[in-house]
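Engineer: With positions in the sequence shown counted from 1, the corresponding number in the numbering used here is that position plus 12.
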Amino acid sequence: VDRSRLNVNGSSLAAGHPFAATGGRIVAGLAKMLHQNGGGRGLISICAAGGQGVVAILEA
């Protein structure tokens, strides 16, 4: 993976980790980035308590 395209806006920790709103913030942040860049694809991963996790690819 090209490092210049990896975690370009920091992580949840860098954003202050708004507990219980992290997933929504990450999805909204990626949607905004895709819109600002004229579309494309983006991948996000979200972990949850108890070893759960979600990965999503958004395309705009």
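Don't be surprised by glycine CBs; every beta carbon is placed ideally from N, CA and C.
#1: In the DSSP assignment, find the alpha helix (DSSP H) that holds L18 and state where it starts and stops.
#2: Looking at the structure shown, is A32 part of a helix, part of a strand, or coil, going by DSSP?
#3: Report, in whole angstroms, the separation of the C-beta atoms of S57 and G65, which I expect to be a contact under 8 Å.
#4: Taking 6 Å as the cut-off, is the C-beta of Q48 nearer than that to any heavy atom in the ligand NAD?
#5: With respect to the beta strand (DSSP E) encompassing A60, which residues constitute its N-terminal and C-terminal limits?
Structural biologist: So, from the listed chains and residues:
#1: One-based indexing of the sequence shown puts residue 18 at position 6. Premise fails: L18 is in no alpha helix (DSSP H) and is neither H nor E.
#2: As a working note, residue 32 is residue 20 in the sequence shown. Correct three-state label for A32: coil.
#3: The count along the sequence shown starts at 1 and reaches residue 57 at position 45. The count along the sequence shown starts at 1 and reaches residue 65 at position 53. About 7 Å separates the two Cβ atoms, so the contact holds.
#4: Of the ligands one can find in the structure shown there are none, so the ligand NAD has no counterpart to examine.
#5: Residue numbering aside, residue 60 sits at position 48 when the sequence shown is read from its first letter. That run of the beta strand (DSSP E) goes 53 to 60.
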